[in-house]
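Each remark here refers to the structure printed beneath this line.
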Amino acid sequence: MRDILNVTLSRRGVLGAGMAGASLLAMPSILRAQEKSLKVGVYGGYFKDSFDKNIFPEFTKATGIAVESVAEPTGEAWLVQLEQAARAGQAPADVSMMSQVAMLKGQATELWAPLDMGKIKNGANLIERFVNKYPDGRVAGIGAVAWYITLVTNTGVFKEAPTSWAALWDPANADKLGLLALVSNSFLLEVTAKTFMGGTGVLDTEEGILKAFEKLAEVKPNVALWYRDEAQFEQALKSGEIPMGQYYHDVTGLAAADGHPVRSTFPKEGGIQDSGCWALSRASQKVEEAHVFIDYMSQPAIQATLSRKVGTAPTVKREMLDLTDAEFAAVSSDIEPIIPRYDMYQTKSDWLNQKWTELIVG
Amino acid sequence: MRREAPQKLSDYGPLLFPAGMLIVFFVIPFATMIAVSFFKRDPAGFYSTAFVFDNYARFLSLFFGKVLGFSLFLAITVAICCVVIAVPFTYLLSRARRRTQVVWLVALLSVLSLSEVIIGFAWSTLFSRTAGITNLLVAIGLMGEPVALNPSFGAVLTAMVYQALPYTVLVLYPALVRLDPTLTEAARTLGASPVKSFFTVVVPALRNTIVATLIMVFIFALGSYLLPQILGRPQHWTLSVLITDQAIYQSNMPFAAAMAVFLVLVTLGLVALTLIAGRKGEAA
Numbered sequence: 000m001r002d003i004l005n006v007t008l009s010r011r012g013v014l015g016a017g018m019a020g021a022s023l024l025a026m027p028s029i030l031r032a033q034e035k036s037l038k039v040g041v042y043g044g045y046f047k048d049s050f051d052k053n054i055f056p057e058f059t060k061a062t063g064i065a066v067e068s069v070a071e072p073t074g075e076a077w078l079v080q081l082e083q084a085a086r087a088g089q090a091p092a093d094v095s096m097m098s099q100v101a102m103l104k105g106q107a108t109e110l111w112a113p114l115d116m117g118k119i120k121n122g123a124n125l126i127e128r129f130v131n132k133y134p135d136g137r138v139a140g141i142g143a144v145a146w147y148i149t150l151v152t153n154t155g156v157f158k159e160a161p162t163s164w165a166a167l168w169d170p171a172n173a174d175k176l177g178l179l180a181l182v183s184n185s186f187l188l189e190v191t192a193k194t195f196m197g198g199t200g201v202l203d204t205e206e207g208i209l210k211a212f213e214k215l216a217e218v219k220p221n222v223a224l225w226y227r228d229e230a231q232f233e234q235a236l237k238s239g240e241i242p243m244g245q246y247y248h249d250v251t252g253l254a255a256a257d258g259h260p261v262r263s264t265f266p267k268e269g270g271i272q273d274s275g276c277w278a279l280s281r282a283s284q285k286v287e288e289a290h291v292f293i294d295y296m297s298q299p300a301i302q303a304t305l306s307r308k309v310g311t312a313p314t315v316k317r318e319m320l321d322l323t324d325a326e327f328a329a330v331s332s333d334i335e336p337i338i339p340r341y342d343m344y345q346t347k348s349d350w351l352n353q354k355w356t357e358l359i360v361g
Numbered sequence: 000m001r002r003e004a005p006q007k008l009s010d011y012g013p014l015l016f017p018a019g020m021l022i023v024f025f026v027i028p029f030a031t032m033i034a035v036s037f038f039k040r041d042p043a044g045f046y047s048t049a050f051v052f053d054n055y056a057r058f059l060s061l062f063f064g065k066v067l068g069f070s071l072f073l074a075i076t077v078a079i080c081c082v083v084i085a086v087p088f089t090y091l092l093s094r095a096r097r098r099t100q101v102v103w104l105v106a107l108l109s110v111l112s113l114s115e116v117i118i119g120f121a122w123s124t125l126f127s128r129t130a131g132i133t134n135l136l137v138a139i140g141l142m143g144e145p146v147a148l149n150p151s152f153g154a155v156l157t158a159m160v161y162q163a164l165p166y167t168v169l170v171l172y173p174a175l176v177r178l179d180p181t182l183t184e185a186a187r188t189l190g191a192s193p194v195k196s197f198f199t200v201v202v203p204a205l206r207n208t209i210v211a212t213l214i215m216v217f218i219f220a221l222g223s224y225l226l227p228q229i230l231g232r233p234q235h236w237t238l239s240v241l242i243t244d245q246a247i248y249q250s251n252m253p254f255a256a257a258m259a260v261f262l263v264l265v266t267l268g269l270v271a272l273t274l275i276a277g278r279k280g281e282a283a
């Protein structure tokens with residue numbers, strides 16, 4: 000059995016090497032700084048483009064470490080690839096930006112190399128919840144960026160901005176919503192709990208979760224699209240085909256700045272705050288470089304640059320940042336956010352997924 | 000050309016490459032999938048090597064039964080639609096002038112070059128309220144106001160038939176070109192109308208080809224997972240969509256593998272049934 004697994008893994012390795020080779024050829028700048036380098040996984044598309052343009056060249060200039068950025072898929076596909084590669088002693092990326100659920104799942108298999116906070120002086124700048132720790136206190140990851148999922152509307156169809164997540168349940172909005180299709184990335188259970196059940200604490204028990212599912216089932220007639228692919232909803236939102244839904248605050252802001260008739264609203268219950276961590280694969284040989292990189296990324300100045308250029312919410316304390324109120328509002332909000340119950344997605348993921356699929360497909 | 004049975008071991012040489020490819024890219028991955036489907040799922044992480052039936056047990060429920068039923072129904076419907084459209088079309092095409100044939104075949108081949116993603120997004124635009132074909136109907140006064148035609152079953156079916164039709168035509172084309180024209184001529188001489196001779200002579204003569212085409216389109220359509228997602232409501236999602244969710248988003252490889260193995264088994268069973276039924280019909 001192991002042999003069979005190894006054969007498929009090495010085939011994946013060959014493909015990966017081929018792709019890495021192709022990207023090396025495509026980017027001659029990497030070939031110049033050969034001595035110190037680091038492979039960094041960031042979400043493909045907009046994120047990777049922004050980091051390649053605004054962040055990585057400055058980092059290389061400051062530290063002499065060349066960065067080869069690797070486009071990683073969202074969801075848990077990257078976690079699966081990292082884990083399978085690590086079992087074969089390979090690291091498709093040394094440092095990767097990982098979601099919180101992926102961090103917890105990676106912890107379970109000791110995928111993340113513990114970080115030495117002594118080498119990450121800027122770690123002290125971080126808001127406490129952005130330091131991801133193993134149950135025994137070792138540091139598994141450091142907050143890279145945060146972002147908000149908010150209530151978005153097409154301004155042509157909705158003249159007035161909605162003020163509450165309850166708008167999703169409004170019978171007047173039948174067939175007008177675009178919502179994320181997966182229980183683990185839509186965080187709609189938390190939204191339901193915060194909006195109608197007094198807070199996400201009710202999700203502690205299975206009875207509480209089932210109650211939230213019951214309430215959530217009422218939005219089904221309003222949903223025109225359950226999307227996995229962001230581009231699919233963004234296009235429909237801009238054209239007004241699907242005029243309301245949940246979407247990323249930063250991307251919506253950029254679309255509005257480009258002149259599209261869209262707006263992002265922080266409902267009074269708060270936007271959903273999700274975040275990504277920098278985590279180091281245990282198979283990586285570049286431990287020193289990785290610590291330098293994570294330390295660099297945790298500087299207030301870099302976090303401010305990320306907010307201005309990439310549109311992410313900072314992971315360091317606000318008072319350390321030189322962001323103006325307008326700049327801060329463009330990426331974040333002072334309204335207390337809805338923090339997803341990541342623990343729930345780790346411990347009950349199959350049960351939640353089954354109930355969720357039955358809810359929306361059934 | 001002389002045909003001889005292979006005499007020496009080296010005569011089998013030319014088989015080595017295709018056999019090797021088949022083993023590396025089909026047999027080994029498929030065997031891995033079957034093995035993984037018996038592994039133990041670890042909800043907090045990935046999976047561990049084991050031999051358990053949990054994954055199959057979870058699949059055997061009314062909910063997944065319904066999803067499987069819908070997937071089969073959708074694939075069969077797509078196969079029937081494609082064959083019903085493609086047989087008369089290809090028959091007429093094979094009787095057309097050479098030039099016309101080439102133009103049509105090139106057009107069909109160009110559809111094959113489109114990816115499923117492009118087909119999906121193109122149809123979702125065509126079916127949309129804001130930019131879709133209903134706007135044309137409004138412009139010529141047939142409709143009061145534009146409506147959204149997706150998400151709906153019709154939208155999924157249309158796009159899947161569109162995607163599978165070129166394959167259907169290309170599979171049917173050689174058989175129809177080779178069909179002896181004297182058969183229909185004889186029928187016509189004996190007084191059958193063109194339509195009658197098509198149904199009583201052409202279709203029965205092509206029975207095996209048509210059955211093979213139905214099976215091919217059915218299997219092709221069964222694997223579709225993007226179009227139901229883009230153009231359908233959740234109740235139109237196929238089993239392939241749920242397999243993808245499990246494999247990619249839930250990282251539940253054992254369950255995804257079990258569902259995939261089950262889908263393959265059901266497919267093979269249906270194909271076998273069709274072939275057995277066909278043989279019985281022939282004997283009768």
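Sequence lines, in order, name chains A and B. Residues in the first sequence are numbered from 0 upward in steps of one, following numbering that gives the first Met the number 0. Residues in the second sequence are numbered from 0 upward in steps of one, following numbering that gives the first Met the number 0. In this text, a Cβ means the ideal position worked out from N, Cα and C, and glycines have one as well.
Measuring alpha carbon to alpha carbon, tell me which of A:W350, A:M196, A:K316 and A:S98 ends up nearest A:G122.
Position 123 of the first sequence, counted from the first residue, corresponds to residue 122 of chain A. The shortest Cα separation from A:G122 among A:W350, A:M196, A:K316 and A:S98 belongs to A:K316.
Pop quiz: A:A76 and A:W111 are said to be a contact at Cβ under 8 Å. What is the actual Cβ separation, rounded to whole angstroms?
Reading the first sequence from its first residue, position 77 is the one you call residue 76 of chain A. Reading the first sequence from its first residue, position 112 is the one you call residue 111 of chain A. Not really, about 17 Å apart at Cβ, beyond 8 Å.
Host alpha helix (DSSP H) of A:Y295 (start-end):
Numbered from its first residue, the first sequence carries residue 295 of chain A at position 296. Taken as a continuous stretch (DSSP letters only), the alpha helix (DSSP H) holding A:Y295 covers V286 to M296.
Helix, strand or coil at A:I241 according to DSSP, with G and I counted as helix:
Counting from one through the first sequence, the residue named residue 241 of chain A turns up at place 242. Coil.
Mind listing, in chain order, the continuous beta strand (DSSP E) runs of no fewer than 3 residues lying wholly within the segment 192 to 216 of chain B?
Entirely contained in the segment 192 to 216 of chain B, not one beta strand (DSSP E) run reaches 3 residues.
Alpha helix (DSSP H) segment containing B:D53, residue limits:
Within the second sequence, numbered from 1, the residue matching residue 53 of chain B stands at position 54. D53 to F58 is the span of the alpha helix (DSSP H), which, as asked, contains B:D53.
Under the rule that 16 or more other beta-carbon atoms within 10 Å means buried, what is A:D273, buried or exposed?
Position 274 of the first sequence, counted from the start, is the residue given in the question as residue 273 of chain A. Looking at its Cβ environment, which holds 16 or more other Cβ atoms inside 10 Å, A:D273 is buried.
DSSP state of A:A282, grouped into three classes?
Taking the first residue of the first sequence as 1, we reach residue 282 of chain A at position 283. A:A282: coil per DSSP, three-state reduction.
What residues from the segment 65 to 91 of chain B come within 9 Å of chain A, judged by C-beta to C-beta, listed N to C?
K65 and V66
Would you mind telling me which residues of chain A sit closer than 9 Å to B:L241, beta carbon to beta carbon, in chain order?
As a working note, residue 241 of chain B is residue 242 in the second sequence. Near B:L241 (Cβ distances below 9 Å), the residues of chain A are T356 and V360.
With a threshold of 7 Å on Cβ separation, who are the neighbours of A:L150 within its own chain once the five nearest residues in sequence on each side are excluded?
As a first step, residue 150 of chain A is located in the first sequence; it is residue number 151 there, counting from the start. Here the set comprises P161, W164, A166, Q245, T264 and P266.
According to DSSP, is A:G275 helix, strand or coil?
Residue mapping note: residue 275 of chain A aligns to position 276 of the first sequence, counting from 1. In this structure, A:G275 counts as strand in the three-state DSSP scheme.
Starting from A:A223, trace the beta strand (DSSP E) both ways and give me its first and last residue.
Taking the first residue of the first sequence as position 1, residue 223 of chain A is located at position 224. Counting along the chain, the beta strand (DSSP E) containing A:A223 begins and ends at V222 to Y226.
Give the list of continuous alpha helix (DSSP H) stretches no shorter than 4 residues that lie fully inside the segment 98 to 172 of chain B.
115 to 125 and 133 to 138
Tell me whether A:A16 is buried or exposed, calling it buried when 16 or more other Cβ atoms sit within 10 Å of its Cβ.
Here residue 16 of chain A refers to the residue found at position 17 when the first sequence is read from its first residue. Since pLDDT at A:A16 reaches only 47, below the 50 mark, its modelled position is unreliable, and no value is offered.
Determine the burial state of A:P435: buried for a count of at least 16 other Cβ atoms within 10 Å of its Cβ, exposed for fewer.
Outside the displayed span of chain A (0 to 361) sits residue 435 of chain A, for which this structure offers no information.
Against chain B: residues of the segment 210 to 231 of chain A by CB proximity under 9 Å
So the close ones are K219, V222, A223, L224, W225, Y226, R227, D228, A230 and Q231.
Taking only beta-carbon atoms, is A:S183 less than 8 Å away from chain C?
Any reference to chain C falls outside this structure, whose protein chains are A and B.
Tell me where the beta strand (DSSP E) around A:E71 begins and ends.
Taking the first sequence and counting its residues from 1, the one referred to as residue 71 of chain A is at position 72. Its beta strand (DSSP E) spans residues A65 to E71.
Compute the Euclidean distance between the alpha carbons of A:L125 and A:Q99, then round it to the nearest angstrom.
By 1-based counting over the first sequence, the position of residue 125 of chain A is 126. By 1-based counting over the first sequence, the position of residue 99 of chain A is 100. Roughly 16 Å separates the two Cα atoms.
Proximal residues, the segment 95 to 121 of chain A versus chain B, C-beta separation under 7 Å:
Those residues of the segment 95 to 121 of chain A that come within reach of chain B (Cβ to Cβ, closer than 7 Å) are K104, A107 and T108.
Starting from A:N131, trace the alpha helix (DSSP H) both ways and give me its first and last residue.
Position 132 of the first sequence holds residue 131 of chain A. Looking at the DSSP string, A:N131 is not in any alpha helix (DSSP H); the run it does join, the beta strand (DSSP E), is V130 to K132.
DSSP on A:W111, reduced to helix/strand/coil?
To locate residue 111 of chain A, count along the first sequence from 1; it is residue 112. Correct three-state label for A:W111: strand.
Using DSSP's beta-bridge definition, name the partner residues of A:A153.
Taking the first residue of the first sequence as position 1, residue 153 of chain A is located at position 154. Rather than Ala, the amino acid found at residue 153 of chain A in this sequence is Asn. Beta-bridge pairing links A:N153 to A:V261.
Do the segment 68 to 75 of chain B and the segment 221 to 240 of chain B touch if we need at least three Cβ pairs shorter than 8 Å?
They touch, by the three-pair rule.
Following the continuous beta strand (DSSP E) through A:M97, name the residue where it begins and the one where it ends.
Here residue 97 of chain A refers to the residue found at position 98 of the first sequence. First-last of the beta strand (DSSP E) with A:M97: V94 to S98.
How big is the Cα-Cα spacing for A:T204 and A:N221?
Counting from 1 along the first sequence, the entry for residue 204 of chain A is found at position 205. Counting from 1 along the first sequence, the entry for residue 221 of chain A is found at position 222. About 28 Å.
Can you find a heavy atom of the ligand SAH that lies under 7 Å from the Cβ of B:T129?
As presented, the structure is devoid of all ligands, the ligand SAH included, so that no description of it is given.
Quick check: the Cα distance between A:T62 and A:F186, rounded to an integer number of angstroms?
Counting from 1 along the first sequence, the entry for residue 62 of chain A is found at position 63. Counting from 1 along the first sequence, the entry for residue 186 of chain A is found at position 187. About 38 Å.
Close beta carbons around A:Y226, own chain, < 7 Å, minus the five adjacent residues each side
For the purposes of this step, residue 226 of chain A is taken as residue 227 along the first sequence, with counting starting at 1. Excluding sequence neighbours, A:Y226 sits near G177, L179, A180 and F232.
What is the rounded straight-line gap between the Cα of B:F152 and the Cα of B:F120?
In the second sequence, residue 152 of chain B corresponds to position 153, counting from 1. In the second sequence, residue 120 of chain B corresponds to position 121, counting from 1. The straight-line gap from Cα to Cα measures roughly 16 Å.
Where does A:W350 land, buried or exposed, given buried means 16+ other C-beta within 10 angstroms?
The residue given as residue 350 of chain A occupies position 351 in the first sequence. Label assigned to A:W350: exposed.
Boundaries (first-last residue) of the alpha helix (DSSP H) holding A:Y45:
Against the first sequence, residue 45 of chain A aligns to sequence position 46. Residues Y45 to N53.
Please report whether the beta-carbon of B:P233 lies at a distance below 8 Å from any beta-carbon of chain A.
Looking up residue 233 of chain B in the second sequence gives position 234. So, interface residue.
Can you pull the DSSP bridge partners for A:I148?
The residue given as residue 148 of chain A occupies position 149 in the first sequence. When DSSP reads this structure, A:I148 sits in a beta bridge with A:Y247 and A:I271.
Relative to the C-alpha of A:Y247, which residue among A:T311, A:P56, A:G136 and A:D169 is closest?
Along the first sequence, one-based indexing puts residue 247 of chain A at 248. Looking at the Cα atoms, A:T311 is the closest of the given residues.
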